[in-house]
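Participant:
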Amino acid sequence: MQQSNRLRPFFENITFDRVDNEMILNFGPQHPSAHGQLRLMLHMQQEQITKAHPDIGYLHRGMEKMAENMIYNEFMPTTDRMDYIASSSNNYGFALAVEKLIGLDVPRRAKVIRMLLLEVNRLMSHLFWLATTALDIGAMTVFLYAFREREYLMDLVEDYCGARLTHAAIRIGGVPLDLPDNFMADLRKFLDKLPENIKDYEDLLDKNRVWLMRMENVGVISKEMALSWGCSGVMLRASGVEWDIRKEEPYELYDEVEFNVPVSDKGDNYARYKLYMAEMRESAKILYQVADMYEGTSTELMAHAPQYISAPKLDIMTQNYALMQHFVLVTQGMRPPVGEVYIPTESPKGELGYYINSQGGPYPYRLKLRAPSFWHTGILTDLLPGHYIPDVVSIIGTTNIVFGEVDR
Amino acid sequence: MRAYTPKDDVQKKSYYTDRFWVAPQVAKSEVSDDAVFAADLEAIKAKFDVLDAYIQVEQMVVVINANDNYAVLELLKNDREYTQLSEMSAIDWLAQEGKFEIFYQILSMAKRKRIRIKCKIDEKEAIQSVEKLFRSADWSEREMYDMFGVVVNNHPFMKRILMPEDWEGFPLRKTYPLQGDEFAAWYEVDRIFGKEAREIIGPENRDPARIDRYDTKRFSRLGHEVPFGADISQGEPDTPLVYQEQEGVFMIDKFDAEKSVVISDRHR
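Protein sequence lines, in the order shown, are assigned to chains L and U.
Here my numbering is used: the first residue of the first sequence is 1, the next is one more, and so on.
Here my numbering is used: the first residue of the second sequence is 409, the next is one more, and so on.
1) How long is the line joining the alpha carbons of Arg370(L) and Gly631(U), rounded to whole angstroms?
2) Are Phe456(U) and Val480(U) touching if we call contact CB-CB under 7 Å?
3) Chain L partners of Phe542(U), CB-CB under 9 Å?
4) Out of curiosity, what's the CA-to-CA distance linking Asp186(L) and Leu116(L)?
5) Using a Cβ-Cβ cut-off of 6 Å (strictly less than) and excluding sequence neighbours within five positions of Gly397(L), which residues of its own chain qualify?
6) Any beta-carbon of chain L closer than 7 Å to the one on Ile510(U)?
7) Who are the near neighbours of Leu409(L) in its chain, counting only those whose CB is closer than 7 Å to its CB and skipping five residues on each side?
8) With DSSP as the reference, identify every bridge partner of Pro410(L), one or two as the case may be.
9) Verify whether the separation of the beta carbon atoms of Met23(L) and Met41(L) is less than 7 Å.
10) How far does the alpha helix (DSSP H) with Ala322(L) in it reach, from first residue to last?
11) Check the Cβ-Cβ distances between Gln513(U) and every residue of chain L, and say whether any is below 7 Å.
12) Under 7 Å Cβ-Cβ, which residues of chain C neighbour Asn357(L)?
13) Taking Cβ-Cβ distances shorter than 8 Å, what residues in chain U pair up with His60(L)?
14) According to the Cβ coordinates, are Thr79(L) and Asn90(L) closer than 7 Å?
15) Where does Ser394(L) land, buried or exposed, given buried means 16+ other C-beta within 10 angstroms?
16) Just mark Glu68(L) as buried or exposed, buried being the case when its beta carbon has 16 or more other beta carbons within 10 Å.
17) Using beta-carbon positions only, say whether Pro385(L) and Ile102(L) come within less than 7 Å of one another.
18) Is the beta carbon of Gly353(L) closer than 7 Å to that of Pro362(L)?
19) Grouping DSSP H, G and I as helix and E and B as strand, with all else coil, what is Ala52(L)?
20) For the beta strand (DSSP E) holding Ser497(U), just list the boundary residues, first then last.
21) Cutting at 6 Å between CB atoms, please list the residues of its own chain near Glu340(L), excluding the five before and the five after it.
22) If we ignore side chains and look at the alpha-carbon of each, how far apart do Lys519(U) and Ile452(U) end up?
23) Please determine, among Lys223(L), Asp382(L), Gly138(L), the residue with the shortest C-alpha to C-alpha distance to Met213(L).
24) Buried or exposed for Thr54(L), going by 16 or more other Cβ atoms inside 10 Å?
25) In the structure shown, what three-state DSSP assignment does Leu191(L) receive?
26) Report buried or exposed for Thr399(L), applying the criterion of at least 16 other Cβ atoms within 10 angstroms of its Cβ.
27) Quick one: complete beta strand (DSSP E) runs, 3+ long, within the stretch 24-83 of chain L?
28) Please compile the residues from chain U whose C-beta is within a distance smaller than 7 Å of the C-beta of Phe374(L).
29) Give every residue of the same chain whose Cβ lies closer than 7 Å to the Cβ of His563(U), excluding the five residues on either side of it in the sequence, and list them in chain order.
30) Checking contacts by CB at 7 Å: is Glu224(L) closer than that to chain U?
31) Arg621(U): buried (16+ other C-beta within 10 angstroms of its C-beta) or exposed?
32) Quick one: Cα of Leu96(L) to Cα of Glu438(U), how far?
33) For Glu202(L), collect the residues of the same chain with a Cβ closer than 8 Å to its Cβ; drop the 5 residues on either side in sequence, then sort them by chain order.
34) Please give me, in chain order, every unbroken run of the beta strand (DSSP E) with length at least 3 that falls completely inside the stretch 122-194 of chain L.
35) Trp211(L) CB to nearest chain U CB: under 7 Å?
36) Just mark Gln37(L) as buried or exposed, buried being the case when its beta carbon has 16 or more other beta carbons within 10 Å.
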């Protein structure tokens, strides 16, 4: 029974095993700034973290298992649910891996459309990152600004494929649709205004005292640590490693466009923030160049490979053999050659890789999804100790993890 | 007699395969075609047994003995500039040869090259952890253990990572069905309500596409409307459909075609 005259708190049902100052704090899995279902068990000494133990798996849907029980085309919409902030990049990674397995070359117009989608998705993802991270830190205005711009991009993608979040906008062997008439004009209109928007964000944040206090010299990742933890994307480039798969192992048309890879050697939250802003500008640069490439390409959208890819709709509706082939490909699925590939692509979050082991059947024998966020969550184990509670929020923010991708 | 279906691989199989179908192979080329890979392979061959080596889709694949995994990766990391372990996991070959295949996908940023190191272990065999070399293996190896039950020696925290800690069975094995096994069907009932509630609640429906013919709480059928929760297992009353055009119930009570307006601009 509680005695009101005693100063020391008295708990009826709790006994303390140890009398040191260590406290174990559960952060999540329902914490709004955990960016999804992340549970962190934090061992605390006063306000300082001594040990961090990220616990994941709250969104585990067994996508690799599902892939083993699906034909290749069937799996495409499932990839949307990994990094649902930029779902076309997941579609693309999978399509590219299967195309490499088969040995397909994609028509140029499809490549241009894919590039457009990839970079629009990168912008969407970075804007979303900026919005949510700023909101976590308390900058509500930036959140509203960035979501306004992201909305425009989502409308753009909706014009293209009809979906806003889970696009499934890319097919193995090409893209399903040509761009709608107004797409380029709308895109250019957006891109023309983007530098002003980015300047607005930076004016609000760059020299903001609160932002600087929460960002500068917080969450410093050394180069060795980033390499050892398998970091990629901005997490790696902010730690002084110049490595962008678009540049180093170019796929699609990335070797034909000019862009810079922003790098920083600071490794802290602020460096990552600056890189995201710089990358948005580079994406806009790429989009301008790719938009110019569209004119004059031939109208083919899907590769011609009757053994693996269905013929265009017009052929299916008019030619008997095309219809038969389509029927077989839909009901039985394509059968890629026996072999294995690991294909990395630079998704907005980092290195998104698909490992496919095919045994010549219509279902992959083993498919491993290499999602960058998985290790960007793992690094919290080593990164958080020594930091204080408020830093946890800003560090999780700048790692840019998405739990659809961590748990798969 | 019922046809025998093997239980060692319960994953989906294609329902028809042409008798004369011969699966083509993804092209493999000699390692000597690529000078960088050839030098790396020489370095490995100087110290370790290499069972097989080839280049497939621009990446070198090296098959080694499972005992050498740590030493080979150490050599590649320290002497050959392969600084990052991008990915590692296992493949289940238990049905074919009773083995797991483990692959390590490593990356050299200096050379812009990727190598896949592969080795095979028996079902009950453990493999050496490479967590000391690459911290990223910490979580990858936990995931591999979680999904396949491959035990990793010298790992600092060998626990399940994605599945609950008290889970039974290893989901990515070929013997594990897609919809989950018996344990999975009772897991939540047992944990939340206790085993004694099993008869009241019943096993979890783990097939999201399942439709119960007689379930009138979750499913409705046009033309056969019945009250919510009615028992229709003994047959159901037929609801005749009469359309408005066939002098059925008119949708709008007081409709006057003269006074109605057709809106042409939806944003007006």
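Beta carbons: idealized from backbone N, C-alpha and C, even for Gly.
Predicted model, so just to flag it, every value in this text is computed and none were measured.
Facilitator: Let me spell this out:
1) Distance between the alpha carbons of Arg370(L) and Gly631(U): 49 Å.
2) Contact: yes.
3) By Cβ distance, chain L contributes Leu227, Ser228, Trp229, Gly230.
4) Near 13 Å, if we compare the C-alpha coordinates of Leu116(L) and Asp186(L).
5) Excluding the 5 residues flanking it on each side, Gly397(L) has same chain C-beta neighbours closer than 6 Å at Thr133, Asp136, in chain order.
6) Closer than 7 Å: no.
7) Lying outside 1 to 408, the shown extent of chain L, residue 409(L) is not represented and no answer is given.
8) Look at the range of chain L in this structure, 1 to 408, and you will see that residue 410(L) is not part of it.
9) Contact: no.
10) Segment 320-331, the alpha helix (DSSP H) holding Ala322(L).
11) By this cut-off, Gln513(U) is an interface position.
12) This model lacks chain C altogether; the protein chains it does include are L and U.
13) Here the neighbours are Leu570, Met571.
14) Their beta carbons are under 7 Å apart, which means Thr79(L) touches Asn90(L) by this criterion.
15) Of the other Cβ atoms in all chains shown, 16 or more fall within 10 Å of the Cβ of Ser394(L); this residue is therefore buried.
16) It counts as buried.
17) For the 7 Å CB-CB criterion, Pro385(L) and Ile102(L) do not form a contact.
18) Result no, Cβ atoms of Pro362(L) and Gly353(L) do not sit closer than 7 Å.
19) Of the three classes helix, strand and coil, the one that applies to Ala52(L) here is strand, per DSSP.
20) For Ser497(U), the enclosing beta strand (DSSP E) has its first and last residue at 492-501.
21) Excluding sequence neighbours, Glu340(L) sits near Asn357.
22) Going from the Cα of Lys519(U) to the Cα of Ile452(U) covers about 17 Å.
23) With distances taken between Cα atoms, Met213(L) lies closest to Gly138(L).
24) Note on identity: in this sequence residue 54(L) is Pro, with Thr being the wrong assignment. It counts as buried.
25) Residue state, collapsed to three classes: helix.
26) The C-beta of Thr399(L) has 16 or more other C-beta atoms within 10 Å across all chains shown, which makes the residue buried.
27) Runs found: 39-45, 48-55.
28) Neighbours of Phe374(L) across chain U, judged by C-beta separation under 7 Å: Trp547.
29) Listed in chain order, the non-local C-beta contacts of His563(U) below 7 Å within the same chain comprise Ser537, Glu539, Glu549, local neighbours out to five positions each way being set aside.
30) With 7 Å as the cut-off, Glu224(L) does not count as an interface residue toward chain U.
31) Per the 10 Å Cβ criterion, exposed.
32) So the alpha carbons of these two residues sit roughly 24 Å apart.
33) Within the same chain, Glu202(L) has close Cβ partners Met277.
34) Entirely contained in the stretch 122-194 of chain L, not one beta strand (DSSP E) run reaches 3 residues.
35) Using a CB distance cut-off of 7 Å, Trp211(L) does not count as an interface residue toward chain U.
36) Burial is judged here by how many other beta carbons sit within 10 angstroms of a residue's own beta carbon; Gln37(L) has at least 16 and is buried.
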